[in-house]
Amino acid sequence: MMHYMIMIVLLYGCSLSSYSQVLLHTYMYIYVNIKTTWAGAQQYCRANYDDLATITNLKDMSSPAFANSPVWIGLHDDPNAWKYNMGNEPNSWRWSATGETSPTGYKNWLPGEPNNYGGHETCVVMNPNGQWNDVICDQLNPFVCYNANNFTWSSARAYCRQYFTDLTTIDYSDVNAAVNNVFSAKSQTQLVWIGLYRVPWTWSDNSPSTYRSWYSFSPNNVLYTEFCVYMSSTYQWDDLNCGNVLAFVCEQVSIKKTMIRIKIKTDADITNSAINAQILQQLGAKRSIQGWTGYHLHWNIKPQKVKETNGGTSFDCNFL
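Pasting the structure below:
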């Protein structure tokens, strides 16, 4: 089972004594013994249940629904989001400086790239001709902002953020040419990091779960066509061509509501939206430290009591 919570903090009057409503989302798994492609499995699950199964931990896989492996699960790396264009999906290419996908869609890939060779190429280098290639992020290369030493992609980004702003963003051809000119003058063979990267593999239901249970050498993207994931009888995962036919596991969501009282002591003006946002952030941080996951917080402020007096209108904040 997977659990997600939505917490609604209710403010009464001027105090920060409050209640919160917790919505507990429980995911039940259903084995479907129909052999079909990954897309067919997704379509069936969405039509008859909620979606293909998302897995958040090892305990989820102990469900009897997974006992009849191999089965499709909801993890995939849709190539339409990154291989054929820059995309605008969670697994699309994005720039380190913004964390966003390209606003212009500019790209300058080598022919046949990106191809995610070996299943782990999620960072990008520029060759001396100004063309881009996806590679594993642990290679040692120089980079733009420039430093004479060779770093991995993540180390290069950390260096740029410490001493400059970030790894370079290239949204136009003239910027690409300018960056290329810097390095082609120094070397005709050197590859250099640019700020382009992506986070592969997303769940069909857009869950944020980062749990993975890959085989030792998976994912490997054999023949550059393995963009969907199945679970084996040993509860390990492997990438597979999405056109293969397997049975699959769907998920069904149920919701349980719980009210929790929260009392906060503060002299802050709770009518100030900026202060409310700050308090909400602090509440969220504390919940995370306590091990809460998959929850959402937002305010639901109830009206204050109003008193009519000879001197005008006043607000009663002491009715809790």
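Residues -17 to -1, 1 to 303 in mature numbering (1 follows the signal peptide of the UniProt record, and there is no 0) are what the sequence shown spells out, letter by letter. Beta carbons are placed, not taken as given, at the ideal position from N, Cα and C, and that holds for glycine.
Distance, Cα to Cα, residue i vs residue j?
i: Gln264; j: Asn124; result: 38 Å
i: Tyr218; j: Thr172; result: 44 Å
i: residue 304; j: Val205; result: Limits of the chain in this structure are -17 at one end and 303 at the other, which puts residue 304 out of reach.
i: Leu229; j: Lys90; result: 36 Å
i: Ala257; j: Ala268; result: 17 Å
i: Glu96; j: Pro62; result: 12 Å
i: Arg144; j: Val107; result: 18 Å
i: Trp176; j: Ala139; result: 8 Å
i: Ser137; j: Asn31; result: 43 Å
i: Ser167; j: Trp115; result: 14 Å
i: Ser216; j: Asn189; result: 25 Å
i: Ala160; j: Asn68; result: 20 Å
Just grab the DSSP bridge partners of residue i for me.
i: Leu150; result: Its beta-bridge partners do not exist; DSSP assigns none.
i: residue 304; result: Residue numbering for the chain in the displayed model covers -17 to 303; residue 304 lies beyond these limits and cannot be assessed.
i: Tyr213; result: Trp55 and Asp221
i: Arg140; result: Beta-bridge pairing links Arg140 to no other residue.
i: Tyr32; result: Note: Tyr32 sits in no beta bridge, so no partner.
i: Trp115; result: Trp92 and Met109
i: Arg181; result: Looking at the DSSP assignment, Arg181 forms no beta bridge with any residue, so it has no partner.
i: His237; result: First, the residue type needs correcting, since residue 237 is Ser and not His in the sequence shown. BP columns for Ser237 point to Thr9.
i: Phe231; result: Val15 and Trp55
i: residue 317; result: The structure shown does not extend to residue 317, since the chain spans only -17 to 303, so no value can be given for it.
Shortest alpha-carbon distance to residue i belongs to which of the options?
i: Leu35; options: Leu41, Ser45 and Gly23; result: Gly23
i: Val236; options: Arg29, Gln122 and Trp76; result: Arg29
i: Arg181; options: Ser75, Thr151, Val15 and Phe231; result: Ser75
i: Phe147; options: Phe126, Thr135, Asn163 and Asn99; result: Phe126
i: residue 315; options: Thr9, Ala260 and Gly82; result: Missing from the structure shown is residue 315; the chain here goes from -17 to 303 and no further.
i: Asp43; options: Glu72, Thr9, Pro202 and Met69; result: Thr9
i: Val165; options: Trp78, Tyr32 and Asn110; result: Asn110
i: Asp154; options: Ser85, Ala48, Asn112 and Ala161; result: Ser85
i: Ala48; options: Val15, Asp33 and His59; result: Val15
i: Tyr100; options: Asn112, Asn163, Ile119 and Pro94; result: Ile119
i: Asp221; options: Asp60, Val162 and Thr105; result: Asp60
Using the Cβ count rule (16 or more neighbours within 10 Å means buried), how would you classify residue i?
i: Gly88; result: exposed
i: Tyr52; result: The identity of residue 52 in the sequence shown is Ser, whereas the question assumes Tyr. The residue in question, Ser52, is buried, as its Cβ has 16 or more Cβ neighbours within 10 Å.
i: Gln25; result: buried
i: Pro183; result: buried
i: Tyr213; result: buried
i: Arg195; result: exposed
i: Leu150; result: buried
i: Ile38; result: buried
i: Asp157; result: exposed
i: Ala260; result: exposed
i: Phe298; result: Its pLDDT being 41, under 50, Phe298 is placed unreliably by the model, and nothing is read from it.
i: Thr193; result: exposed
i: Asn132; result: exposed
i: Leu41; result: exposed
i: Asn255; result: exposed
Measuring CB to CB, does residue i end up less than 7 Å from residue j?
i: Tyr12; j: Ser45; result: no
i: Leu223; j: Cys211; result: yes
i: Thr135; j: Asp117; result: no
i: Gly57; j: Ser187; result: yes
i: Thr208; j: Pro73; result: no
i: Thr152; j: Trp78; result: yes
i: Trp55; j: Phe200; result: no
i: Trp21; j: Cys225; result: yes
i: Pro202; j: Gly113; result: no
Is any heavy atom in the ligand FAD found nearer than 6 Å to the beta carbon of residue i?
i: Val107; result: Looking at this structure, you won't find the ligand FAD or any other ligand, since it has none at all.
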